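Colleague: First to last, the sequence lines map onto chains A and B. Under the working numbering, think of the first position of the first sequence as 1, with each following residue one higher. Under the working numbering, think of the first position of the second sequence as 1001, with each following residue one higher. Below you'll find the structure I mean.
2 protein chains.
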Amino acid sequence: MMNKSPEHIRRITCIGSGPIGGGWAAHFLAQGYQVTSYLHDASEHEALMRLLETAWASLETIGLADGASMDNFSWTCDLEEATVNCEFIQESVPEILELKQGLYQRLGDIVDPQVVIASSTSGLSMTDIQINCATPERTVVAHPFNPPYLLPLVEMIGGKKTSAACIDWTERFYKVAGKAPLVMKKEIPGFIATRLQEAIWREALHMVANGEATVEQIDQAVVNGPGPRWALMGPCEIFHVGGGEGGMAYCLDQFGPALKLPWTRLVAPELTSELRNAMVDGCIEMTNGEDFASLSKKMNAGLVEIAKMKLNQQLS
Amino acid sequence: MMNKSPEHIRRITCIGSGPIGGGWAAHFLAQGYQVTSYLHDASEHEALMRLLETAWASLETIGLADGASMDNFSWTCDLEEATVNCEFIQESVPEILELKQGLYQRLGDIVDPQVVIASSTSGLSMTDIQINCATPERTVVAHPFNPPYLLPLVEMIGGKKTSAACIDWTERFYKVAGKAPLVMKKEIPGFIATRLQEAIWREALHMVANGEATVEQIDQAVVNGPGPRWALMGPCEIFHVGGGEGGMAYCLDQFGPALKLPWTRLVAPELTSELRNAMVDGCIEMTNGEDFASLSKKMNAGLVEIAKMKLNQQLS
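Here is the structure:
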């Protein structure tokens, strides 16, 4: 509730019980919250419990928060019962605009306007979803990565009527709740992570379509090549480290012309001096100016762990 | 040596002592081989030894092969001395075509024609490199990922004069030597892994250029979102698992239309039924028909390990 500090939130309602809605419930339970799931139909209960049990085994291995327990879970098919006294709502119903619009209209009327309603939508805009909601200021898109209890990313963006206070409060709340929120600067289709994922995917499809690589070769290339690095560092920091002492500046000044090469079917942007500087400054800022030796040491330590992990998996 | 089984190779020469050449030397040493590095100039010796020491610390953590020792390392600035009695050559000199052409001409004359000469080149074609070599049949491109002692990928392709026997022998040799070789079906610029990496990179540059995301947001989106999955599974298997029981077939039939959406600036290929079936069959083949429950269990187990690893890094 926006009139409460994010640290004091205790009761969360998850609307929807599919892999995303159920995954959110598992995450919040492991963080020690009281969680109520709203199910569209009681027949969904069994699958949801199976999902929670699977998730719980993983979450116990990673480590539960103090007081976290499956005893803090309840469910109902009554929307008013599900939302009474709740302090935060994570909505994950199917991606049908009319369905979400109707739901937000109802929630807008029955839920305390201080309670944030966050939508897991990956493709709809909050401007559209909140159109019939009487209290739209507290509605915001908060798109997770699947499974939400293992991958921390939450991409956030408001609709036209969402208040800045709501976005700010929700960002702080997710940090308290063990997530990695990312407030988008502009609304773009696919947000950030899905666009990057889609770029790889399309290039992979092109290669298969042209007989340049098999499905298995594409996957092996990723898993045995750049994949383990991406678990540890993003594409920008990887090039920042790849540039050695010279960092991103060296990379761009040296390999900038490679953007003209036909590597991928994606036409590269013009490497203007503005873009060059934005990349260089961004890397230095992001890494707090940490030097090459320290960054590469960190990267190698992580790769060693991943290599050990894979070795253990093969042996087991 | 192609007249020896790959299992019986013991003496390897690494030509070049930069991060790639030195990284290869570290890898082969950790696998128990006798390694001789050829240095262009004795002044490179100090940096090479530093690189080997750093690498060795990582390699000891992962686990050394029986008999592996830094005592098996030697170096020289004399090319004949470096290659006499060697049984495999990994060449990693700078990416200058004339330089490589001259080197392969000389190696072609002084090295036993049964010895494979593999080039770490990321951008030159073996057809061009081998042009003045008198014994080109045994020369092949074998492009590693950096650092070669932590990332197993080696992308292989021959030149016009490379023999099929050489490619086959070298692929088997790398498997024995603890690498993950991938023989390309066609020569395409950037091979497979770099093309996929470049697709992400270009989309990232577009986002920064358009003010849609900051450098840090791009990296956080990858590391907290799809990144950890890519350490464990490639993009095809991820969608195969993402499709639930229905696998890749469900994914393509359901989300195929999303290829028309402006997610990334990369124009998607037409999803013909041939391409659809190639993707579906490829996934089933690659995973040996393993079912959703088993694949997703494996994926989650890996993500749990990565989450634990990151937690430990934060605490340390």
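Backbone N, C-alpha and C fix where the C-beta goes; we use that ideal spot for every residue, glycine too. Since this is a predicted model, take the numbers as computed values, not measurements.
#1: Within 10 angstroms of its Cβ, does residue 1240 of chain B collect 16 or more other Cβ (buried), or is it exposed?
#2: Taking C-beta pairs closer than 8 Å, name the residues in chain B that residue 283 of chain A reaches, listed in chain order.
#3: Following the continuous alpha helix (DSSP H) through residue 1049 of chain B, name the residue where it begins and the one where it ends.
#4: On the CB-based measure, 16 or more other CB atoms within 10 Å of its CB, does residue 21 of chain A come out buried or exposed?
#5: Counting pairs of Cβ atoms below 8 Å between the region 1092-1106 of chain B and the region 1056-1072 of chain B, do you hit three or more?
#6: For the region 1241-1267 of chain B, enumerate the residues whose C-beta is nearer than 9 Å to any C-beta of chain A, in chain order.
#7: If you draw a straight line from the alpha carbon of residue 1120 of chain B to that of residue 1294 of chain B, how long is it in whole angstroms?
#8: Does DSSP classify residue 67 of chain A as helix, strand or coil?
#9: Within a Cβ cutoff of 6 Å, which residues of the same chain sit near residue 347 of chain A, ignoring the five residues on either side of it in sequence?
#10: Is the beta carbon of residue 1223 of chain B less than 8 Å from the beta carbon of residue 233 of chain A?
#11: Looking at the C-beta of residue 1158 of chain B, does it have a partner C-beta in chain A at a distance below 8 Å?
#12: Can the beta-carbon of residue 1024 of chain B be found closer than 8 Å to that of residue 1148 of chain B?
#13: Listing by chain order, which chain B residues have their CB less than 8 Å from the CB of residue 219 of chain A?
#14: For residue 1014 of chain B, name the three-state secondary structure that DSSP assigns.
#15: Answer with yes or no whether the minimum CB distance from residue 223 of chain A to chain B is below 8 Å.
#16: With residue 1266 of chain B and residue 275 of chain A assumed to form a contact (beta carbons below 8 Å), what rounded beta-carbon distance in angstroms separates them?
#17: By the criterion of Cβ-Cβ separation under 9 Å, what are the contact partners of residue 202 of chain A in chain B?
#18: Quick one: using the 10 Å Cβ neighbour count with 16 as the cut-off for buried, is residue 260 of chain A buried or exposed?
#19: Quick check on the DSSP output: the alpha helix (DSSP H) that includes residue 275 of chain A runs from which residue to which?
#20: Measuring straight from C-alpha to C-alpha, what distance separates residue 1248 of chain B and residue 198 of chain A?
#21: Listing by chain order, which chain B residues have their CB less than 7 Å from the CB of residue 206 of chain A?
#22: Looking only at C-alpha atoms, which of A/91, A/54, A/45 sits nearest to residue 75 of chain A?
#23: Note down, in chain order, each residue of its chain lying with its Cβ closer than 7 Å to the Cβ of residue 193 of chain A, except the 5 sequence neighbours on either side.
#24: Alpha carbon to alpha carbon, how far is residue 11 of chain A from residue 1202 of chain B? Give it in angstroms, no decimals.
#25: With C-beta atoms as the reference, is residue 1091 of chain B less than 8 Å away from residue 1131 of chain B?
#26: Comparing C-alpha positions only, which one of A/271, A/285, A/42, A/67 sits nearest to residue 254 of chain A?
#27: Opposite residue 309 of chain A in the DSSP bridges: which residues?
#28: With DSSP collapsed to three states, give me the class of residue 240 of chain A.
#29: Got a sec, what are the start and stop residues for the alpha helix (DSSP H) residue 1193 of chain B sits in?
Modeller: Here's the rundown:
#1: buried
#2: 1215
#3: 1045-1062
#4: buried
#5: no
#6: 1242, 1244, 1248, 1258, 1259, 1261, 1262, 1263, 1264, 1265, 1266, 1267
#7: Their Cα atoms are separated by approximately 37 Å.
#8: Taken through DSSP and simplified to helix, strand or coil, residue 67 of chain A comes out as coil.
#9: Residue 347 of chain A is absent from the structure shown; chain A starts at 1 and stops at 316.
#10: Yes.
#11: no
#12: Taking 8 Å as the cut-off, the beta carbon of residue 1024 of chain B is found closer than this to the beta carbon of residue 1148 of chain B.
#13: 1233, 1234, 1235, 1236, 1237, 1286
#14: strand
#15: Residue 223 of chain A has a beta carbon lying within less than 8 Å of a beta carbon in chain B.
#16: Contact between residue 1266 of chain B and residue 275 of chain A is absent: CB atoms are separated by about 18 Å, not below the 8 Å threshold.
#17: 1199, 1259, 1263, 1264, 1266, 1267, 1268, 1269
#18: By the Cβ-count criterion, residue 260 of chain A is exposed, with fewer than 16 other Cβ atoms from all chains shown falling within 10 Å of its own Cβ.
#19: 273-286
#20: 15 Å
#21: 1269
#22: A/45
#23: 145, 153, 155
#24: 42 Å
#25: Contact flag unset, no.
#26: A/271
#27: Paired residues: none, contrary to the question.
#28: helix
#29: 1193-1209
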